[in-house]
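Here is the structure we will look at.
Residue numbers (my numbering): 33 to 399.
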């Protein structure tokens, strides 16, 4: 049970009172609960804000006009403090069409203070305060009404410690000269383009595509674009439209007709019946684009020994610097980013912002 009280906000009068309280705060300590099991978009199910005397649990399913709350949340002068806020921000984007600015993410800050890069809220609270946060409602159905007492207690706990965490982390980061690092990395998460559907780049989600044959890669890209557009239009998960495995098999098979397409393992008959012609069109469009040169697949040969040796050396540089800074190596640079740098990309995260001085110049010196 949380040590502070919660208030369920599900009536117009309660919402007015909640907004009056939040309006007086220069900082919002917030969290959300959402579901996306059956949808493409996250379905916002609850918003929690730590107020002076209680946690305000605002129910977006109660039929209330939340525009006064959204105005408070979207105020760029008001600081928002969340833990691991990227998914919350995705929910905000799909609810509001934009993202709140001025974010401080306590997970980002914790990593810069030496905690694991992906430390969860419960783990951080336990490490900092010795308190145990229940995880019993993690997989709860947050869209079902009424919400249970157990759910609301869980939701309240999720913001109870945000303010003391923020104060501790800010103090340590300021002393270490890293507060601006946390602000920079947190604010990067407010970029709305991170959450905006982009069918043309949906193929980036497909693993190991860069090593496929050019024509096959083009077919994967076209099929992934079609799947993304379909998922958005129907608001259904990508895997419900077409799994990655089936998508790759279609691209490899290069079917010319519905009979060929029907030979694809695990392609549901309903998908073949409803979308077979669309899938064939995607395949044909990709093949035509390759023939006329309008689609140039990004293909890299498998790394040679020189590339592998350089990657290993850059990894050592990152590890050594991370040890000096007492931070997780992955917040300085990932293996994927190091690979891209070796291949000539100078817009990678380790070469930009605060990382440019802390690790970027060292990496470039090794090339």
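Here a beta-carbon is modelled for each residue, glycine too, at the ideal position from N, C-alpha and C. Small disclaimer: the values here were computed from a predicted structure and weren't measured.
In the three-state reduction of the DSSP assignment, residue 193 falls in the coil class, being assigned neither a helical nor a strand state. Of all alpha-carbon atoms in 255, 221, 156 and 224, the one lying nearest the alpha-carbon of residue 236 is that of 255. Here residue 89 carries a strand assignment [DSSP, helix/strand/coil]. The Cβ atoms of residue 74 and residue 123 lie closer than 7 Å to each other.
Fewer than three pairs of CB atoms, one per stretch, sit closer than 8 Å, so the segment 125-132 makes no contact with the segment 202-217. In terms of Cα proximity to residue 394, the closest of 375, 364 and 368 is 364. Cβ contact annotation for residue 96 (same chain, cutoff 7 Å, sequence separation greater than five): 44 and 47, in chain order. C-alpha of residue 290 to C-alpha of residue 131: approximately 43 Å in a straight line. In the structure shown, the three-state DSSP call for residue 62 is strand. Between residue 157 and residue 88, the gap from beta carbon to beta carbon reaches 7 Å or more.
Given a length threshold of 4 residues, each whole run of the alpha helix (DSSP H) inside the segment 101-139 is given here in chain order: 118-128. In the structure shown, the three-state DSSP call for residue 72 is coil. With 16 or more neighbouring CB atoms inside 10 Å of its own CB, residue 259 falls in the buried class.
For the pair residue 98 and residue 81, the CB atoms are not nearer than the 7 Å cut-off. For residue 297, the closest C-alpha among the options 281, 67, 305 and 286 is that of 281.
With a cut-off of 8 Å on Cβ pairs, the segment 349-357 is not in contact with the segment 301-318, counting fewer than three such pairs. Excluding sequence positions up to five before and after residue 199, its CB lies less than 6 Å from no other CB in the same chain. The alpha carbon of residue 279 has as its nearest neighbour, out of 264, 266 and 310, the alpha carbon of 310.
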